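Below: the structure, in structure tokens.
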Amino acid sequence: MNALSPTSAVASRALSLPLIAAGLLLFLIIIASLLYGAGPISASEAFMVLAGSGSEEARFVVSELRLPRTIIGLVTGLALGLAGALLQSMTRNPLAEPGLLGVSAGSGFAVALAILFGASTATLTSFVAQLGALAGCALVIAATRVQGLGNDPVRLILAGATLTGLLLALTSMLMLMDQRAADEIRFWITGSIAGKPLSMLQATLPSILAALILIVIVARPLAAMALGEKAAVGLGHHPGRIRFLIVLTVALLVGSATALAGPLIFVGLVVPFIARAFAGPDIRKTLWLCVPVGPAVVLAADVVSRLIAAPAELPLGVVTALIGAPVLLAIVRAGRMPSL
Amino acid sequence: MPDKRTTLANSSLLVLLLLAVITSLSMGTVQVPPPDVLQALMGNADPMTAFVVNELRLSRVVAGLLSGAALAMAGCLMQTLARNRLATPGIIGIDNAATAFAVASVVGVGLSLAPSAMALAGAACATAIAFGLAGANGTRGYRFIVAGIGIGAIAGAVTQVMLSRVAIDAANAAYPWTVGSLNARSGNSVLVLAIGLAAGYAILMLISRALNTLQFSDAVAIALGTRLKATRILGLALSVLLTGLAVSVCGPVGLIALLAPELARTICRPGKVPLTASALAGATFMVAADLLGRTLFSPLEIPVGIITAIVGSPYLLWILLKPSRRSLT
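If you read the sequences in order, they're chains H and X.
Each residue of the first sequence is one higher than the last, beginning at 1 in my numbering.
Each residue of the second sequence is one higher than the last, beginning at 1001 in my numbering.
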């Protein structure tokens, strides 16, 4: 049985419209990402390349620089959006976001350590990033199990912010220790999808595929858990096992995304927020909608980061923070937290 | 009248602070034995020692002392106003906003007095926005804090934008603000901070009775004759002033505003707002943290903001994760 299949025809109709709209939007943003850049290649020149002609230089820029960047942005957005939706649904906390909770920072610190010790192969870095994300996730879960904290979204977020601050300070220490490593870490830690090798993508692809399969497995039990732990047990699910699988999935997704793009804050908050607004409380629909929305958000932010300061570029992490923080404020401003 | 326990606490903190100051003056790349430090401070030491102690180290220690005291007092004040010990300027994003504005002035204008004024403006803006977003609850309630986290994130991003857009020299000049360090202090900023701290402390002592009543419910405070609104606004303005001036000297050194009042409250008599003890504890923390940063991996210097983050974060985590019936937010 396909766990992700909508339960009724009504539900599928309700979801299909936003899904198509988001897909179209994503398509437009992909085109924009290929057409617009900070460099001297104009949009019309880039369009010629897409149409099959164009100058040598334009062809190089579009196919060697912008295309890999766009693909990496797609994968990063997909991973972070899904990870945010899963984490929020599991902790029942609309503010639970991998970046805010310190999962990304854990991953980032692990990679900084690896770089300091001389790791440079893409495989090793993505594996290390996933290990770090797993450790960060484990801390978050441990924190939510602490009595009372699970019901207090803000305290959890503050704990995450503190953990992030601590890990950032430790990373800065590492950077002071070794100048060569510092340059490499600084390049990577601001969060950017520019100039990343496609080999990194190959290294993370297996984990992302594994995570997608895991999502298909856990989606249905997770929806049952939204009814309450007892109801989920009554329906024949094992909440402990499901929670473990979700933690594993989130770690795989966030680790891969961090290895690809560096720690990007707020993407995992914005994407599920948008998706939930259209898909309603059902986590399965939200997850479906996150598939086009996640890449669209990251790519849109990336296009903005190229255009806003042209001919220079802003780090992508800065743009996502500028977009995401107001969303955080909006969620809090909404008064009562949307119940999950 | 200060009671016995408070006097005892304050004097022991003062002794600790003096110890930290003298150790900080004596240690470094050139070791000066503590007796010589005292001699140099009195003005009768050999020129070499006098130069190291009075010219190189003293200004740094004074800057640390003043900024630590200011941050801690601002933290203590804001915690009292919000009736929430997590409501410190760092967590509410005031630090980051002040930093963003100070960086803007270093990167853009470059006047020597400008960072103080700009940091103040930034601190005031952040507080105003956090207030506006917090809605009717004012500083009480969790919205204020989450709004602050958001504002802090935006201000941090803006700082990065500015640093990435300017020439590398200007970026390097502004960099210390972003992590919190005593390296980039300018004499003017320290002077302004000293004046602001003295004025702020005097005013706080005058309204300390009213501040003490803020710990009770509003009705009780009013019954005791406190003008609630005026006290709140004045207190908030003072904590913004102290934070802004301190940030213009040392950058966003986190967690001192949380840890120092925490310590002060533990050792002072309950029921009073331990402003003096907080200031002394904050100054001690800052001087000690800077000493650690300078000497731990010498000749490598670790910015003081990194030290306080590494030492302070585990404690904050412990506060947050500790199961307790007392609501924090």
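Just so you know, even glycine gets a beta-carbon here, dropped at the ideal spot from N, CA and C.
All figures in this text were calculated on a predicted structure; none of them were measured in a lab.
Item, Value
"Using a Cβ-Cβ cut-off of 8 Å, state whether leucine 166 of chain H counts as contacting chain X.", "yes"
"Can you check whether the CB of leucine 1065 of chain X is closer than 8 Å to the CB of methionine 970 of chain X?", "Coverage of chain X is limited to positions 1001 through 1329, which leaves residue 970 of chain X absent and any answer about it impossible."
"Considering only the beta carbon of each residue, do glycine 268 of chain H and glycine 81 of chain H sit closer than 8 Å?", "yes"
"Assuming leucine 1014 of chain X and leucine 1259 of chain X are in contact, meaning their beta carbons sit under 8 Å apart, how far apart are those beta carbons, in whole angstroms?", "Their Cβ separation, rounded to whole angstroms, is 18 Å, which puts leucine 1014 of chain X and leucine 1259 of chain X out of contact at 8 Å."
"What does valine 1179 of chain X reach in chain H if we use C-beta pairs closer than 9 Å?", "Ala169, Ser172"
"What are the boundary residues of the alpha helix (DSSP H) that includes valine 1189 of chain X?", "Inspection of the sequence shows that residue 1189 of chain X is occupied by serine rather than by valine. Residues 1187-1206."
"Which residues mark the beginning and the end of the alpha helix (DSSP H) in which cysteine 1250 of chain X is found?", "1228-1250"
"How about valine 1166 of chain X: is its C-beta nearer than 8 Å to some C-beta of chain H?", "no"
"Can you say whether serine 16 of chain H is buried or exposed, counting buried as having 16 or more other CB atoms within 10 angstroms of its CB?", "exposed"
"Here's a check: name, in chain order, each residue in its chain whose Cβ is nearer than 7 Å to the Cβ of arginine 1265 of chain X, leaving out the five neighbours to either side.", "Pro1274"
"For chain X, is any of its Cβ atoms less than 8 Å away from the one on leucine 340 of chain H?", "Here leucine 340 of chain H scores only 47 on pLDDT, less than 50, and its place in the model should not be relied on; the value that follows carries that caveat. Output row for leucine 340 of chain H: interface = no."
"With a floor of 4 residues, list each alpha helix (DSSP H) that falls wholly inside the stretch 271-327 of chain H, ordered by position along the chain.", "283-307"
"Under 9 Å, CB to CB, which of the residues in the stretch 1285-1314 of chain X have a partner in chain H?", "Phe1297, Leu1300, Glu1301, Ile1302, Pro1303, Gly1305, Ile1306, Ile1307, Thr1308, Ala1309, Ile1310, Gly1312, Ser1313, Pro1314"
"Work out the CA separation of valine 1021 of chain X and serine 1067 of chain X for me, nearest whole Å.", "14 Å"
"Is there contact here, the stretch 1210-1218 of chain X with the stretch 1034-1041 of chain X, by at least three beta-carbon pairs under 8 Å?", "no"
"Please specify which runs of the alpha helix (DSSP H), each continuous and at least 4 residues long, are wholly inside the stretch 16-42 of chain H, giving them in chain order.", "none"
"For chain H, is any of its Cβ atoms less than 8 Å away from the one on isoleucine 1094 of chain X?", "no"
"Spell out whether any CB of chain X is found under 8 Å from the CB atom of threonine 249 of chain H.", "no"
"Does the Cβ of phenylalanine 127 of chain H have 16 or more other Cβ atoms within 10 Å, making it buried, or fewer, making it exposed?", "buried"
"Find out if the Cβ-Cβ distance for the pair isoleucine 1129 of chain X, leucine 1086 of chain X is shorter than 8 Å.", "no"
"Any heavy atom of the ligand NAP closer than 7 Å to the Cβ of methionine 1027 of chain X?", "The model on display carries no ligand, and the ligand NAP is accordingly not part of it."
"Are the beta-carbon atoms belonging to isoleucine 29 of chain H and valine 303 of chain H less than 8 Å from one another?", "yes"
"Using a C-beta cutoff of 8 Å, does isoleucine 157 of chain H count as contacting chain X?", "yes"
"What number of angstroms, rounded off, separates the C-alpha of arginine 92 of chain H from the C-alpha of alanine 223 of chain H?", "12 Å"
"Can you tell me which of X:Ile1302, X:Ser1116, X:Ala1288 puts its alpha carbon nearest to the alpha carbon of leucine 1191 of chain X?", "X:Ser1116"
"Compute the Euclidean distance between the alpha carbons of arginine 1005 of chain X and leucine 1077 of chain X, then round it to the nearest angstrom.", "21 Å"
"Comparing the C-beta of threonine 162 of chain H with each C-beta of chain X, is any distance below 8 Å?", "yes"
"Using 8 Å as the Cβ pair cut-off and three pairs as the minimum, do the stretch 218-232 of chain H and the stretch 100-112 of chain H touch?", "no"
"So what's cysteine 137 of chain H in DSSP terms, helix, strand or just coil?", "helix"
"Is valine 1146 of chain X close to chain H? Criterion is C-beta to C-beta, closer than 8 Å.", "yes"
"Looking only at C-alpha atoms, which of X:Ser1059, X:Thr1159, X:Leu1016 sits nearest to alanine 1104 of chain X?", "X:Thr1159"
"Which residues bound the alpha helix (DSSP H) around serine 1278 of chain X?", "1275-1295"
"Closer than 8 Å is the cut-off here; do at least three beta carbon pairs connect the stretch 1308-1319 of chain X with the stretch 163-181 of chain H?", "yes"
"Please classify tryptophan 1318 of chain X as buried or exposed, where buried requires at least 16 neighbouring CB atoms within 10 angstroms.", "exposed"
"Can you confirm whether the stretch 1246-1254 of chain X touches the stretch 1045-1053 of chain X when touching is taken to mean that 3 or more C-beta pairs between the two stretches lie within less than 8 Å?", "no"
"Looking at threonine 1308 of chain X: is its Cβ nearer than 8 Å to the Cβ of valine 1253 of chain X?", "yes"
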